[in-house]
Structure formats: C-alpha cells, structure tokens
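Trainee: In my numbering, the protein residues as written are 26 to 182.
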Amino acid sequence: MSAKLNLDKLDLQIIEAMMADAEISYAELGKKLFVSGGTIHVRIKKLQEFNIVKGTRLSVDLKMLGYDITAFVGIYLEKSSLYDSVAKELMEIPQIVRLNYITGNYSMFIEVVCKDIAQLRYVLHDELQKIKGIDRTETFISLEEGFSRNVPVAPVG
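1. Can you pull the DSSP bridge partners for I40?
2. Rounded to a whole number of angstroms, what is the C-alpha to C-alpha distance between D151 and E103?
3. Does R174 come out as helix, strand or coil in the three-state DSSP assignment?
4. How about I159 and I100: are their beta carbons less than 8 angstroms apart?
5. What residue does the beta strand (DSSP E) around Y126 start on, and which one ends it?
6. Look at the Cβ atom of L37, then the Cβ atom of A179, and state whether they are nearer than 8 angstroms.
7. Are N125 and M116 touching if we call contact CB-CB under 8 angstroms?
8. To which residues does DSSP link G99 through a beta bridge?
Written out as structure tokens, the structure is:
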C-alpha cells in the first residue's frame, strides 16, 4: 500500500496491549480501552493491511526444548554488494533466527540458536563457510539473556 497510515492513540494502545498479550480477546481489549470489540477488530484489520501488525507469534522458551546455545556472528562480506545473495542463502539455514545488515566492522550480524556446540560448529563450519561472498566471521556465544522486551509504543497517560 502506498497510502500512509496515521496512527492515533487508540491504535498505539491496541498495539501495545497486543504485544503484551496477543491472546486477549477483542471484547476484553475493547473493555480495557473503553471502545467496542468491533472497533478493536476494525483497527487490527487496518493495522494488518498496512503491515504494521504481522500476525501473532507464540513465545517459546527454547532452552526448555533443548536449545542450549545462542550465538551472535559478525559476518564480513567480500563486497557489500553481495548482501542480497548472501542474505538469501542465510535464510535457508534454520538455526539462524535473526539477520541484520549493519554499519561498523561487520557487514551483517546474525543470531544463531542451536541445541549444542556440535550443531553450532556445523552451522559455522559447514553451512556459513560454503556461502560465496562471506570473507570471514567472528562468533560470540551468549552466556545469558538478561532480558528481551518490546519497546513501548503507546503514549503514557
């Protein structure tokens, strides 16, 4: 869509409430925000059409499922013009959960989640190193995630 969506206070309150609890019913959210459930429904539909709201996700504790290693990898590209082709290949590696094109020493920064060190070694050695355009990498293993949160979007008050 090319039209620009002007978000008002209610839109931002809806987004913030849904980021905190995506399972809240439209009726319950409407009561909380002093509007009808139908208004919430219409607003969510509008936010989805403009790709501001992109579905809902289940928050899973991956450690409880046996994924014990989180690593961050800085990737140096041979040439920055190779970003698109390298990104396309990185997307094929299921253990890579996030990719950012960045400024600074690296060209790209990825987050990798693995069950163990052997799987991380496989991703780093067998998967990343075969991608044409990657010059070298630098890996950082996370010892602990202190916190993860959404940024507040609704105006206070």
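Note that beta-carbon positions come from the ideal geometry of N, C-alpha and C, so glycine has one too. Note that this is a predicted model, so its numbers are computed, not measured.
Mentor: Reading it off the structure:
1. BP columns for I40 are empty, so no partner.
2. 19 angstroms
3. coil
4. Less than 8 angstroms divides the Cβ of I159 from the Cβ of I100.
5. 121-126
6. yes
7. no
8. For G99, the beta-bridge partners assigned by DSSP are F134, E163.
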